[in-house]
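Before any comments, here is the structure.
Number of protein chains: 2
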Amino acid sequence: MSDQQIVLASRPNGMPDANTFQFEPLTLSELKDGDVAVRGTYFSVDPYMRGRMNDTKSYVPPFAVGQPISGGAIAEVTDSKADGFAPGDVVIGTLPWATRSVVPGKGLKKVDTTLAPASYYLGILGMPGLTAYFGLLDIGQPKAGETVVVSGAAGAVGLIVGQIAKLSGCRVVGIAGSDEKVAQLTKEFGYDAVVNYKTAPDLSKAIAEACPNGVDVYFDNVGGAVSDAVIKHINFHARIPLCGQISLYNTTDVPMGPRIQPMLLTRSVLMKGFIVSNYQDRFAEGTHQLAAWVNEGKLHYTETTLKGFDKLPDAMLGLFSGQNTGKMIVEV
Amino acid sequence: MSDQQIVLASRPNGMPDANTFQFEPLTLSELKDGDVAVRGTYFSVDPYMRGRMNDTKSYVPPFAVGQPISGGAIAEVTDSKADGFAPGDVVIGTLPWATRSVVPGKGLKKVDTTLAPASYYLGILGMPGLTAYFGLLDIGQPKAGETVVVSGAAGAVGLIVGQIAKLSGCRVVGIAGSDEKVAQLTKEFGYDAVVNYKTAPDLSKAIAEACPNGVDVYFDNVGGAVSDAVIKHINFHARIPLCGQISLYNTTDVPMGPRIQPMLLTRSVLMKGFIVSNYQDRFAEGTHQLAAWVNEGKLHYTETTLKGFDKLPDAMLGLFSGQNTGKMIVEV
Numbered sequence: 000m001s002d003q004q005i006v007l008a009s010r011p012n013g014m015p016d017a018n019t020f021q022f023e024p025l026t027l028s029e030l031k032d033g034d035v036a037v038r039g040t041y042f043s044v045d046p047y048m049r050g051r052m053n054d055t056k057s058y059v060p061p062f063a064v065g066q067p068i069s070g071g072a073i074a075e076v077t078d079s080k081a082d083g084f085a086p087g088d089v090v091i092g093t094l095p096w097a098t099r100s101v102v103p104g105k106g107l108k109k110v111d112t113t114l115a116p117a118s119y120y121l122g123i124l125g126m127p128g129l130t131a132y133f134g135l136l137d138i139g140q141p142k143a144g145e146t147v148v149v150s151g152a153a154g155a156v157g158l159i160v161g162q163i164a165k166l167s168g169c170r171v172v173g174i175a176g177s178d179e180k181v182a183q184l185t186k187e188f189g190y191d192a193v194v195n196y197k198t199a200p201d202l203s204k205a206i207a208e209a210c211p212n213g214v215d216v217y218f219d220n221v222g223g224a225v226s227d228a229v230i231k232h233i234n235f236h237a238r239i240p241l242c243g244q245i246s247l248y249n250t251t252d253v254p255m256g257p258r259i260q261p262m263l264l265t266r267s268v269l270m271k272g273f274i275v276s277n278y279q280d281r282f283a284e285g286t287h288q289l290a291a292w293v294n295e296g297k298l299h300y301t302e303t304t305l306k307g308f309d310k311l312p313d314a315m316l317g318l319f320s321g322q323n324t325g326k327m328i329v330e331v
Numbered sequence: 000m001s002d003q004q005i006v007l008a009s010r011p012n013g014m015p016d017a018n019t020f021q022f023e024p025l026t027l028s029e030l031k032d033g034d035v036a037v038r039g040t041y042f043s044v045d046p047y048m049r050g051r052m053n054d055t056k057s058y059v060p061p062f063a064v065g066q067p068i069s070g071g072a073i074a075e076v077t078d079s080k081a082d083g084f085a086p087g088d089v090v091i092g093t094l095p096w097a098t099r100s101v102v103p104g105k106g107l108k109k110v111d112t113t114l115a116p117a118s119y120y121l122g123i124l125g126m127p128g129l130t131a132y133f134g135l136l137d138i139g140q141p142k143a144g145e146t147v148v149v150s151g152a153a154g155a156v157g158l159i160v161g162q163i164a165k166l167s168g169c170r171v172v173g174i175a176g177s178d179e180k181v182a183q184l185t186k187e188f189g190y191d192a193v194v195n196y197k198t199a200p201d202l203s204k205a206i207a208e209a210c211p212n213g214v215d216v217y218f219d220n221v222g223g224a225v226s227d228a229v230i231k232h233i234n235f236h237a238r239i240p241l242c243g244q245i246s247l248y249n250t251t252d253v254p255m256g257p258r259i260q261p262m263l264l265t266r267s268v269l270m271k272g273f274i275v276s277n278y279q280d281r282f283a284e285g286t287h288q289l290a291a292w293v294n295e296g297k298l299h300y301t302e303t304t305l306k307g308f309d310k311l312p313d314a315m316l317g318l319f320s321g322q323n324t325g326k327m328i329v330e331v
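Protein chains in written order, with numbering that gives the first Met the number 0: chain A, 0 to 331; chain B, 0 to 331.
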């Protein structure tokens, strides 16, 4: 297959589709001093990338129309004019969606594939792992005996949040979108109870039954109606880390819902939005602890892998229909 | 006028009205050991009392139908079988809406009227002052140079919040409901700008103009559409102390509005509900600092006083139509 790249053909109005992504033949720029030539091996698709397809102010600038989409990726160095990189090195960085790239070496980091499979650095030892770690422990502050509810429980972040909450001595209740995920989360990932939000006849009642002592921490990955149902059962002095709102990312109108402030007010609840880069100063601590838990067998991990560069658009869309359990990865 | 009390005749559905309050002749219970007989002199009406008229779980139990409404009040001791209280003492406590009461002495505290007028202990040196102090400083954490927006800026709490924010070196922008309040807040209470939410043709635009650097702290007393307009201009890492939601207290349906979580998420905003009793351990600190600022002339104070026990229902309703500037008090 010849080398190619995927550009943002047009900004999606609602759910991205065939008009959003354009495959193009690739012309590589020349290798200058400080540059590294790489071949992409694992590409990460993440919900936040949907936000970059819009032309709105957020914590990362929007993708440019006609330019390659970019995201977290693992690559193999094929040529280098940058100190510290040599052909054969495995590196991680933000890379264009292209089979090959020439990028400045200073944006790349070498990863040690003797410690963990390369793709783990896009997941449990990377951005999703750190997001789970800091969001739950720093904002959620779970205490032993409390009840922690995680929406998007089978997602890249949710899968890790639930396990860290369990390590903190909490009752852990997940919300997920298929019976397969429900079974896997309870059997393999230690969740005490999991509610299938797509089939529960009365979601609020199902959450109440799964949380007989109410909800002390709600780690929110999805927003929308699922969150409305959880917040009804929120306890006094509860904490709500806002990590994602994936149910709303493809809405075209301003999403409306029941106002939550009266509940947060009367129950003295804390809600805090965050992005993982808020914790940049503490990444070493987080990565060290996550790696230790993985090595001790205390954190289990799984990922959903699609094979082939041409699967990147499908993988991205799959996030919104819940195709993945754990991190969604495209292996080239 | 003979002695009387005001009972909750029926739970209001929406705005309280003539059917909510019932005046009754008063029969005093006998003075037992530990009791104090008092004559009410100043009664406080506060927005949170509306919540107690509903039969819903909150941080204070609901009023009982057929029983007297109760709230913060200043009273004069007329007789005492409790240690530490003697006729003529001026006391503060939660008292029934009754011209005279017999209550346990342990629920009362003497106030020193040589330091400040008695009614101040229901306002700037009492619950509203402490609410402003802890909500702004502990949750809002204003830093010099930041912009602080206060809704319900002319209310009992808002009036104090704005001045403490000013003492913290912030640009202070109020939102209030009449041109008289706008003028008074800017001329007498140091607000840098005040928006009249009832007359601004485009509230969001008016807030943007008053906050050229965005909003770093939003002290929310009112909720609803006013808050929607403010949150549009919230800055990264902003803090939103949720103190009141008075615009919603008389709604009969679940109030709907634009979902705020996407904004809180993408801008890493903290929102936290609170009630003043969360800070009970620090009341001495708060009262001491507020009294010092009042004595140093750094905090100005005003109240709206209605005269006559029979004005209590009108005073309560007046809160919802914005009749008051500063604390609303009924003087008997």
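Ideal Cβ positions, reconstructed from N, Cα and C, are used throughout, including at glycine. If you're wondering where the values come from, they're calculated on a predicted model, not measured in any experiment.
Neighbourhood of residue i by C-beta distance below 6 Å, restricted to the same chain and skipping five residues each side
i, result
"A/G50", "S57"
"B/V147", "P141, A164, C169, V171, V216"
"A/K80", "L30, D32, D34"
"A/N212", "T146"
"B/E330", "Y41, T304, K306"
"A/F308", "T98, V331"
Per-residue DSSP class, three states only, for residue i
i, result
"B/R51", "helix"
"A/E330", "strand"
"B/R281", "helix"
"B/V257", "The amino acid at residue 257 of chain B is misidentified as Val; the sequence shows Pro. B/P257 falls in the strand class under three-state DSSP."
"A/Y41", "strand"
"B/D191", "coil"
"A/I230", "helix"
"A/A74", "strand"
"B/E23", "strand"
"B/K165", "helix"
"B/L124", "coil"
"B/I159", "helix"
"B/Q288", "helix"
"B/V235", "Going by the sequence as given, residue 235 of chain B is Phe instead of Val. DSSP places B/F235 in strand when its eight states are reduced to three."
"B/S100", "strand"
"A/Q183", "helix"
"B/I138", "helix"
Cβ shell of residue i (< 7 Å), same chain only, five flanking positions each side left out
i, result
"A/P178", "Residue identity differs from the one stated: residue 178 of chain A is Asp in this sequence, not Pro. If we look at A/D178 and ignore the five residues flanking it on each side, its Cβ neighbours are N195."
"B/L62", "Per the sequence shown, residue 62 of chain B should be read as Phe rather than Leu. So the qualifying residues of the chain are L7, R51, M52, I68."
"A/T324", "A153, K180, Q183, T301, T303"
"B/S59", "The displayed chain sequence assigns Val, not Ser, to residue 59 of chain B. Cβ neighbours of B/V59 beyond the five flanking positions: R51."
"B/D313", "L305"
"A/K297", "L166"
"A/V64", "L7, S9, R10"
"B/T93", "S69, G70, G71, G106"
"A/S203", "A228, K231"
DSSP beta-bridge partners of residue i
i, result
"B/D219", "B/L241"
"A/C271", "At residue 271 of chain A the sequence reads Lys, which differs from the Cys that was named. According to DSSP, A/K271 bridges with A/P240, B/L269."
"A/I91", "A/I73, A/K108"
"A/E302", "A/K326"
"B/R170", "B/T146"
Residues near residue i by beta carbon distance below 8 Å, same chain, minus five either side
i, result
"B/L184", "A152, A153, L158, G161, G173, A175, Y190, V193"
"B/S229", "Here residue 229 of chain B turns out to be Val, not Ser, going by the sequence shown. Excluding residues within five positions, the ones whose Cβ falls inside 8 Å are V148, S150, I174, I206, V214, Y217, D219."
"A/L129", "V275, Y278, F282, G285, T286, L289"
"A/E333", "Here chain A comprises residues numbered 0 to 331, so residue 333 of chain A is not present and cannot be evaluated."
"B/V221", "S150, G151, I174, G243, Q244, I245, S246"
"B/L124", "A115, T286, L289, A290, V293"
"A/D78", "L30, V35, A36, P86"
"B/L27", "D2, A36, R99, S100, V101"
"A/V110", "I73, V89, V90, I91, A117, Y120"
Minimum Cβ-Cβ distance from residue i to chain C less than 7 Å
i, result
"A/Y196", "Of the chains in the structure shown, none is chain C; the protein chains are A and B."
| the stretch 4 to 11 of chain A touching the stretch 79 to 89 of chain A, judged by at least three CB pairs closer than 8 Å | no
message: What are the residues in the stretch 272 to 290 of chain A lying within 7 Å of chain B by C-beta distance?
response: G272, F273, I274, N277
| query | Is the number of C-beta pairs between the stretch 318 to 325 of chain A and the stretch 30 to 38 of chain A that are closer than 8 Å three or more? | reply | no
Where the stretch 258 to 271 of chain B meets chain A: residues whose CB sits under 9 Å from a CB there = Listed in sequence order: R258, I259, Q260, P261, M262, L263, L264, T265, R266, S267, V268, L269, M270, K271.
### Query
Quick one, which residues of the stretch 205 to 226 of chain A are near chain B if we go by CB-CB under 9 Å, in chain order?
For the stretch 205 to 226 of chain A, which is checked against every Cβ of chain B, the residues closer than 9 Å are D219, G222, G223, S226.
ask   = In the stretch 237 to 252 of chain B, which residues sit with their C-beta less than 8 Å from some C-beta in chain A, listed in chain order?
value = L241, C242, G243, Q244, L247
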